[in-house]
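*Asks:* Residue numbers (UniProt numbering): 1 to 354. Beta carbons: idealized from backbone N, C-alpha and C, even for Gly.
(1) In chain order, what residues of the same chain lie with their CB nearer than 6 Å to the CB of residue 20, ignoring the 5 residues before and after it?
(2) Pull the bridge partners of residue 33 from the DSSP assignment, please.
(3) Tell me, which residues are paired with residue 178 by DSSP?
(4) Rounded to whole angstroms, what's the CA-CA distance from residue 382 to residue 339? Just pull it up for me.
(5) Tell me which same chain residues have a C-beta within less than 8 Å of the C-beta of residue 104, skipping the five on either side of it?
(6) Could you check whether the stretch 41–57 touches the stretch 129–147, counting it as contact only if at least three pairs of C-beta atoms, one from each stretch, sit closer than 8 Å?
(7) So, helix, strand or coil for residue 98, using DSSP?
(8) Evaluate residue 241 with the Cβ neighbour count: other Cβ atoms within 10 Å of its Cβ, from every protein chain shown; 16 or more gives buried, anything less gives exposed.
(9) Quick one: what's got a C-beta closer than 6 Å to residue 6's C-beta in the same chain, skipping five residues either side?
(10) Among 14, 18, 8, whose alpha-carbon lies nearest the alpha-carbon of residue 1?
(11) Counting pairs of beta carbons, one from the stretch 224–231 and one from the stretch 199–211, are three or more of them closer than 8 Å?
(12) Less than 8 Å between the CB atoms is what I'm expecting for residue 250 and residue 257, so what's the real figure, rounded?
(13) Give the DSSP bridge partners of residue 240, in chain order.
(14) Answer yes if the stretch 106–120 comes into contact with the stretch 83–94, meaning at least three C-beta pairs across the two stretches below 8 Å, and no otherwise.
(15) For the beta strand (DSSP E) containing residue 91, name the first residue and the last one.
(16) Distance check for residue 253 and residue 320, CA to CA, integer angstroms please.
(17) Apply the 10 Å Cβ neighbour rule to residue 25 and answer buried if 16 or more other Cβ atoms are within range, or exposed otherwise.
(18) From 159, 82, 4, pick the residue whose C-alpha is nearest to that of residue 62; which is it?
(19) What would DSSP say about residue 54, mapped onto helix, strand or coil?
(20) Using the beta-carbon count (16 or more within 10 Å), is residue 71 buried or exposed?
(21) Evaluate residue 143 with the Cβ neighbour count: other Cβ atoms within 10 Å of its Cβ, from every protein chain shown; 16 or more gives buried, anything less gives exposed.
(22) Can you find the residues in the same chain that come closer than 8 Å, C-beta to C-beta, to residue 178, ignoring five residues on each side of it along the sequence?
(23) Just list the residues that DSSP pairs residue 213 with in beta bridges.
(24) For residue 106, which of helix, strand or coil comes out of DSSP?
(25) Would DSSP call residue 200 helix, strand or coil?
(26) Leaving aside the five residues before and after residue 65 along the sequence, list all residues of the same chain whose C-beta is less than 6 Å from its C-beta, in chain order.
(27) Whose C-beta lies closer than 8 Å to the C-beta of residue 153 among residues of the same chain, with five residues either side of it excluded?
(28) Report the rounded CA-to-CA distance for residue 283 versus residue 39, giving the unit in angstroms.
Have a look at this one:
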């Protein structure tokens with residue numbers, strides 16, 4: 001049967017459940033769908049709290065297309081169920097897993113196949129929901145000076161983080177006669193190619209699997225092997241490349257890569273391959289989504305609040321501000337960065353290193 005779930009923010013979810021499902025099992029499902037831990041949930045049906053976790057839905061007279069209201073208990077510490085405990089509950093109960101698969105197939109798949117990614121995605125969704133709830137609470141009282149100050153800080157942080165995004169360096173080249181848009185990294189220890197690119201360049205049959213292994217860094221990735229020699233064309237030069245380190249000069253002043261006596265222009269942003277733009281577009285989508293909500297709330301507050309209600313500006317030692325201005329920032333930019341990072345000059349300085 002279909003059961004409607006609604007929280008205090010008016011968010012609504014419809015789940016497919018069995019009348020024989022117990023309330024405790026329903027709470028586990030709700031924790032996935034609405035990112036509210038089982039211990040923090042208070043369930044209401046027809047204005048009556050459902051207190052018996054051992055009771056089934058049918059015993060509670062809950063029928064098809066009925067609606068439950070989920071309220072959240074005030075936080076009292078760290079007793080919330082962890083994402084891993086939740087995953088284990090879902091995986092160990094076929095009914096939970098089946099219901100989750102209908103509502104969120106990707107999360108259900110990760111619960112079974114990739115526990116680490118499940119925990120990451122679940123926590124990410126939970127944090128996003130908490131931010132939305134926090135932003136909603138800030139917008140409830142347009143005359144709250146503290147809420148207005150917090151909104152202003154969040155907008156500044158979002159704008160600074162967005163401003164730190166940079167366009168990566170790419171060049172046009174050819175590998176084995178096939179055109180490739182190559183990413184240039186001054187800190188790379190090897191020239192790396194994906195299996196798909198190797199297939200397109202018709203060199204996959206040259207992969208020496210004796211050099212297979214695991215690359216470890218921020219994450220891990222499987223190394224299929226190594227191509228000992230293939231022809232790469234950079235500019236007008238044809239070079240044998242074993243896909244290891246090649247000497248080159250990244251000239252940012254003239255926006256070129258110097259290699260083997262040739263100068264190759266770096267690609268403009270609109271010329272980048274789709275995969276390179278996806279990461280930047282993702283950042284642009286993520287940051288404005290929160291900052292736009294905050295900006296709307298801030299605009300509403302500014303329209304309804306008089307200027308005398310504005311909180312006093314923070315002041316910082318002149319020596320601290322001077323450190324940032326020597327990095328090329330104006331005084332206003334330095335103060336803005338310090339505000340965004342609560343006066344931490346080291347974090348604020350990172351904004352101006354580029």
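*Replies:* With the structure as the only source:
(1) Same-chain partners within the cutoff: 56.
(2) DSSP, once it has assigned bridges, lists no residue as partnering residue 33.
(3) 175
(4) Nothing in the structure corresponds to residue 382, since the chain is present only between 1 and 354.
(5) Excluding residues within five positions, the ones whose Cβ falls inside 8 Å are 32, 33.
(6) no
(7) helix
(8) By the neighbour-count rule (16 or more Cβ atoms within 10 Å), residue 241 is buried.
(9) 12, 69
(10) 18
(11) yes
(12) 6 Å
(13) For residue 240, which the question treats as bridged, DSSP gives the partners 231.
(14) yes
(15) From DSSP, residue 91 is part of no beta strand (DSSP E) but of the alpha helix (DSSP H) over 83–92.
(16) 30 Å
(17) buried
(18) Minimum Cα distance to residue 62 is reached at 4.
(19) coil
(20) Residue 71 should be labelled exposed.
(21) exposed
(22) 200, 201, 202
(23) 223
(24) helix
(25) helix
(26) 2
(27) 339, 340
(28) Low confidence applies to residue 283: its pLDDT is 45, below 50, so where it sits in the model is not reliable, and the reading given next is rough at best. Looking at the two C-alpha atoms, the distance is approximately 34 Å.
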